[in-house]
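Residue numbers (the UniProt record's numbering), protein chains in the order written: chain A, 1 to 283; chain B, 1 to 283.
Below you can see the structure in the form of structure tokens.
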């Protein structure tokens, strides 16, 4: 099985990318935290439709985890990831250490407002600062022409778009549809934390959101529909609901019925936090 | 008199820069807020020693002014600035509007810690966020190989270096010596606010700092020497002293006698705030 070129320094990454650029090749990037699943593979497939070369970064970014979160137990499986990248025909894996990304004395933070307000930020207040900072760095290290992010992390996708627009980062951001198992469960590295009984509960998240979105599209009151979805999640066996909330799909401003909407949710199953989102068609 | 090419959109700036880059030319940038004086001209001279083309941005950046500060009365004199740029043989003037730099919905901030802590930040708490954000944008818009900043704004120079290192902005930062009038007064656009009597007071700032630095280098206690310098400033006619403080010259950490130091000061003359700094040799 062929594996991609693997580099762990910014200098080696830049040398490789500059070579491609000299040859006139278009370069796509797929930033990941590893533990690659079919969702990631679909991002690489889209990247290779948009560009001749695909760089995949694998970096479990400590600055986007709060001290209470799952940084230590987040799944790490580099050998398996590199096999999957080989099968997916990714060209380069960038696997920096924490010290390569954040050398001693590192002291800079990129903060995005707008779409970062509320939702995840209400429960993970420093999360998007960590995401925006590491994505800005990755883009400046790899200088891709485009980058592919999954719609599963919908708010993150909007935040990255805002980041690029605001800082004039010349990277085209491509959103990719969420990949789901046959029961509708969104692929996520954190699904690995779930036992069989929990998986069966988790599989109901998407159906509950789709039902609420359909009701809202058909005219149901927004507050009623989201409250009902929260109740249905608890009834299905979820431990706690962080939020179920409709937003405008482009700006993440509060949803108005005449705009394309997105219904977003975060919910807990024991110690595992799951997120998902679905479209709310305008009427 | 020849004038530089003037562009006010990011798209036109990029088109010009990409053309130069295609021709294999090295590009230097000098970010300014206009009201160009001999200090700026010396930065352009250094830029043209380091690169074949020099882009000068002229943008009075509102995000680095606090509401109480002099944004409205900051001197603006574009026609005169363009004449000076022509004489200095700058190739391109980038003169964006506030709307071009911060379009509706703009929501991103770059914050630098480390050398930004204390000194100016104690008195202008949002200043370096504004500087770091606009410099990151200017570098991503113009993609220069190097950029020249004056040592007169010494803490700013250190902050910009930290910004580039931390965000992997591939721009070499060159510090340029402060240009002074024959009496030692550092060139500054804000000197235009001073009347003749105030100018005579302002001209004593550098001598007072040089005296304190020489005493510290000769073994005087750091606290005694800076307190004495503050007293001397008030005795000379300055209205108020924000700080007189010694720092390590590279990191801006607290100064230790065995390291290269920098003595930095900010002081007021009526409504005008002046800054300056001098070297403190290690012993």
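Positions of the beta carbon are idealized from the N, C-alpha and C atoms, including for glycine.
Small disclaimer: the values here were computed from a predicted structure and weren't measured.
* Cβ of residue 119 (chain A) within 9 angstroms of any chain B Cβ -> No, residue 119 (chain A) lies away from the interface with chain B (no Cβ there is under 9 angstroms from its Cβ).
* **Unbroken beta strand (DSSP E) run spanning residue 277 (chain A), endpoints** => From DSSP, the beta strand (DSSP E) with residue 277 (chain A) extends over 272 to 280.
* For residue 171 (chain B), go through chain A and note every residue whose CB falls closer than 9 angstroms to its CB, in chain order. => Those do not exist, as residue 171 (chain B) stays about 10 angstroms from chain A at its closest Cβ, beyond 9 angstroms.
* Asked: According to DSSP, which residues form a beta bridge with residue 31 (chain A)?
  -> A:57
* Report yes or no: do three or more beta-carbon pairs, one from the region 77 to 93 of chain B and one from the region 35 to 54 of chain B, lie closer than 8 angstroms? => yes
* Asked: In this structure, what does DSSP give as the bridge partners for residue 146 (chain B)?
  -> B:28 and B:172
* Candidates A:77, A:148, A:107 and A:280: which alpha carbon is nearest residue 210 (chain A)'s? -> A:280
* On the premise that residue 98 (chain A) lies in contact with residue 31 (chain A), defined as a C-beta separation below 8 angstroms, what is that separation, rounded to the nearest angstrom? -> The Cβ separation is near 15 angstroms, so there is no contact.
* Asked: In the DSSP assignment, what residue or residues form a beta bridge with residue 261 (chain B)?
  -> B:248 and B:280
* Asked: What residue range is occupied by the uninterrupted alpha helix (DSSP H) comprising residue 226 (chain A)?
  -> 222 to 236
* Sufficient close CB pairs (3 or more, under 8 angstroms) joining the region 103 to 121 of chain A to the region 69 to 85 of chain A -> Taking one beta carbon from each stretch, the region 103 to 121 of chain A and the region 69 to 85 of chain A have fewer than 3 pairs nearer than 8 angstroms; the two do not touch.
* Among B:258, B:177, B:264 and B:7, which residue has its Cα nearest to the Cα of residue 241 (chain B)? -> B:264
* Can you list, in chain order, the stretches of the beta strand (DSSP E) that have 3 or more residues and sit fully within the region 76 to 135 of chain B? -> 92 to 94 and 108 to 112
* Buried or exposed for residue 250 (chain B), please, with buried defined as at least 16 other CB atoms from any protein chain shown within 10 angstroms of its CB. => exposed
* Asked: Closest by CA to residue 155 (chain A), which one among A:171, A:49, A:198 and A:253?
  -> A:253
* Is residue 108 (chain B) close to chain A, meaning its C-beta is less than 9 angstroms from at least one C-beta of that chain? -> yes
* Distance, Cα to Cα, residue 6 (chain A) vs residue 183 (chain B)? -> 59 angstroms
* Asked: Does the distance from the C-beta atom of residue 142 (chain B) to that of residue 247 (chain B) stay below 9 angstroms?
  -> no
* Determine whether the Cβ of residue 126 (chain A) lies closer than 9 angstroms to any Cβ atom of chain B. => no
* Asked: In whole angstroms, what is the alpha-carbon distance linking residue 170 (chain A) and residue 262 (chain A)?
  -> 27 angstroms
* **chain A contact residues for residue 114 (chain B), given Cβ-Cβ distances below 7 angstroms** => Chain order gives the chain A residues near residue 114 (chain B) as 105 and 107, where near means a beta carbon separation below 7 angstroms.
* To do: Run down chain A in chain order and give the residues with a C-beta less than 7 angstroms from the C-beta of residue 136 (chain B).
  => Within 7 angstroms Cβ-Cβ: 167.
* Cross-chain neighbours of residue 10 (chain B) in chain A, by beta carbon under 9 angstroms -> 168
* Asked: So residue 157 (chain A) is in the alpha helix (DSSP H); what residue range does that whole segment cover?
  -> 154 to 167
* To do: Could you tell me the boundaries of the alpha helix (DSSP H) in which residue 346 (chain B) lies?
  => With chain B represented from 1 up to 283, any question about residue 346 (chain B) goes unanswered, as that position is not in the structure.
* Asked: Taking 9 angstroms as the CB-CB cut-off, is residue 141 (chain A) touching chain B?
  -> yes
* **Per-residue DSSP class, three states only, for residue 70 (chain B)** => coil
* Asked: Looking at the structure shown, is residue 182 (chain A) part of a helix, part of a strand, or coil, going by DSSP?
  -> In the structure shown, residue 182 (chain A) sits in coil (DSSP, three-state: anything other than H, G, I, E or B).
* Sufficient close CB pairs (3 or more, under 8 angstroms) joining the region 53 to 60 of chain A to the region 151 to 165 of chain A -> no
* Which value, in whole angstroms, describes the spacing of the CA atoms of residue 130 (chain B) and residue 9 (chain B)? -> 20 angstroms
* Per-residue contacts from residue 249 (chain A) into chain B (C-beta, under 8 angstroms) -> Those do not exist, as residue 249 (chain A) stays about 15 angstroms from chain B at its closest Cβ, beyond 8 angstroms.
* Asked: Cα-Cα, which of B:146, B:101, B:195 and B:212 is closest to residue 29 (chain B)?
  -> Comparing Cα-Cα distances from residue 29 (chain B) to each of B:146, B:101, B:195 and B:212, the minimum goes to B:146.
* Asked: Sorted by chain position, which residues of the same chain lie with C-beta nearer than 8 angstroms to residue 71 (chain B)'s C-beta, five sequence neighbours on each side aside?
  -> 60, 62 and 65
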